[in-house]
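Here the structure is laid out as structure tokens; the discussion comes afterwards.
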RNA sequence: GCUGAGGUAGCCUAGCCCGGCAAGGCGCCAGCCUUGAGAGCUGGUGGCGGCAACGCCACGGGAGUUCGAAUCUCCCCCUCAGCGCCA
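Numbering (this note's numbering), first residue to last: -19 to 410.
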């Protein structure tokens, strides 16, 4: 949620910023929210006046009765108030609810450094690492390799659970866990506290962390319960301190979330329909930070550096893009994507998303910061970034490290976590 | 799932039976005192609206009764404890 005070004081600035998202709907929401706010304030004044009168009369009646001198005139006058109050108070509540509902649908304000553009084709490359070398002609898609190795069941998973699901079997499971542990150790070394969060959240906290449209498009809802399966551990981590005042002396808070993530909508189908690149369920180690407002730009770079380090150590070439205004999403003020080089597809594809959400999530979640024992009005900033999503990392490793004979070498950096396993070779079919 | 106890300001608590301006403590801030810190003493302390004077609001949420609800009635939510079930 954007800052209401800012909207009142500098509406032109807010409007200009929202305009950069090139969606006229947002400007409409904005002007409507301003109208409702003004109407609400006028209505509040009116209601306050009535309440004042009621309180004064109430006190007069109580006083008269204490003196043993009840007044019928006062009683009669007091009786006439509730009727008019009912109407005004209903209008006031309705205006406030309408304003807040509008505010919840307005996206975050964009950072000035976000490039202007219509969609992901206009994202701006800000860094590249490693050499993007096209793979040999015989390279197989990662899903085919997994099946050939006997380490995945796609057809059976599609029958048991539907498309977008998979069984991983055998040594590839160890690689999945190794990736998570490798990323987690790297983050712990850099001051992050590992966290296994709830994999389901109630609706109210969930509305604090995400775009309302996600509820229909992205999230799985548990039938008969007020619970949603998490789409990323970012969400329960953001909700961890909902409604609390963070002690500013204990900021920043660096958390490393480890979870399975569930997503209903998984995007278009392409070359790698069979595989783990786009799936309804995957493991991820996530970076999350609560910090002072003035620090968030620096932390955004820190999270990006950590994520880059994961892929450098895996020796997977990548590039970093500054995601443009049309592609940045509702919650983020600025977002970097890291795109790994897939040598068979001869393309860079997204493996990491790294966002500075500024005060948007904190404000929706009612999180403030302050000194111990005092109430804070300052709203802390939140940031999140993938460290590693194993589905995507496995996909790129299976392409990058594939050998002509169909076996797959494993990244050296994972060896401490693999108990002597150095390569993937076919296992007996079952 | 059953039974019980609860939800009051940044935190902890009283008030509820019996309706009439929400009391106290901790913490925090300021002043006094002190070589300094602490202690002690005094005052202050949340949100919203308003240029301001000031007003209103705030007792989990909603509805009702009433001139007036933390307090009475109804519905709902959440937390904790015990029991049950369970990897």
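Backbone N, C-alpha and C fix where the C-beta goes; we use that ideal spot for every residue, glycine too.
Would you kindly work out how many angstroms separate the C-alpha atoms of residue i and residue j, rounded to a whole number?
i: residue 58; j: residue 173; result: 60 Å
i: residue 218; j: residue 269; result: 9 Å
i: residue 365; j: residue 119; result: 31 Å
i: residue 142; j: residue 348; result: 43 Å
i: residue 266; j: residue 105; result: 23 Å
i: residue 11; j: residue 368; result: 40 Å
i: residue 336; j: residue 278; result: 10 Å
i: residue 253; j: residue 339; result: 37 Å
i: residue 304; j: residue 99; result: 7 Å
i: residue -3; j: residue 306; result: 13 Å
i: residue 358; j: residue 226; result: 10 Å
i: residue 169; j: residue 136; result: 40 Å
i: residue 330; j: residue 285; result: 16 Å
i: residue 260; j: residue 198; result: 10 Å
i: residue 345; j: residue 204; result: 25 Å
i: residue 35; j: residue 19; result: 24 Å
i: residue 212; j: residue 30; result: 48 Å
Within the same chain, show all residues whose beta-carbon is closer than 7 Å to that of residue i, passing over the 5 residues directly before and after it, in chain order.
i: residue 148; result: 131, 132 and 156
i: residue 26; result: 68
i: residue 82; result: 9, 12, 13 and 16
i: residue 376; result: 296, 320, 322 and 331
Could you name the residues of the same chain whose beta carbon sits closer than 8 Å to that of residue i, not counting the 5 residues immediately before and after it, in chain order?
i: residue 381; result: 388, 389, 390 and 391
i: residue 33; result: 61
i: residue 311; result: 87, 88, 189, 190, 191, 335, 337, 340 and 341
Run the CB neighbour count on residue i, radius 10 Å, all protein chains shown included, and call it buried at 16 or more, exposed below.
i: residue 240; result: exposed
i: residue -12; result: exposed
i: residue 8; result: exposed
i: residue 385; result: exposed
i: residue 371; result: buried
i: residue 251; result: For residue 251, the pLDDT reaches just 48, beneath the cut-off of 50, and the residue's location in the model is therefore unreliable, although a value from the coordinates is still provided. By the neighbour-count rule (16 or more Cβ atoms within 10 Å), residue 251 is not buried but exposed.
Per DSSP, what kind of secondary structure is residue i in: helix, strand or coil?
i: residue 179; result: coil
i: residue 253; result: coil
i: residue 327; result: strand
i: residue 370; result: helix
i: residue 337; result: coil
i: residue 363; result: strand
i: residue 304; result: coil
i: residue 241; result: strand
i: residue 39; result: helix
i: residue 46; result: helix
Excluding the 5 residues flanking residue i on each side, which residues of the same chain have their C-beta closer than 6 Å to its C-beta?
i: residue 183; result: 206
With three or more beta-carbon pairs closer than 8 Å as the criterion, would you say the segment 62 to 75 touches the segment -16 to -7? With fewer than three CB-CB distances shorter than 8 Å, the segment 62 to 75 does not count as touching the segment -16 to -7.
Within the chosen definition, does the segment 387 to 395 reach the segment 150 to 167 through at least 3 CB pairs nearer than 8 Å? With a cut-off of 8 Å on Cβ pairs, the segment 387 to 395 is in contact with the segment 150 to 167, counting three or more such pairs.
Quick check: the segment 284 to 296 against the segment 70 to 83, are there 3 or more CB pairs under 8 Å? The count of Cβ pairs closer than 8 Å, one atom from the segment 284 to 296 and one from the segment 70 to 83, stays below three, leaving the stretches out of contact.
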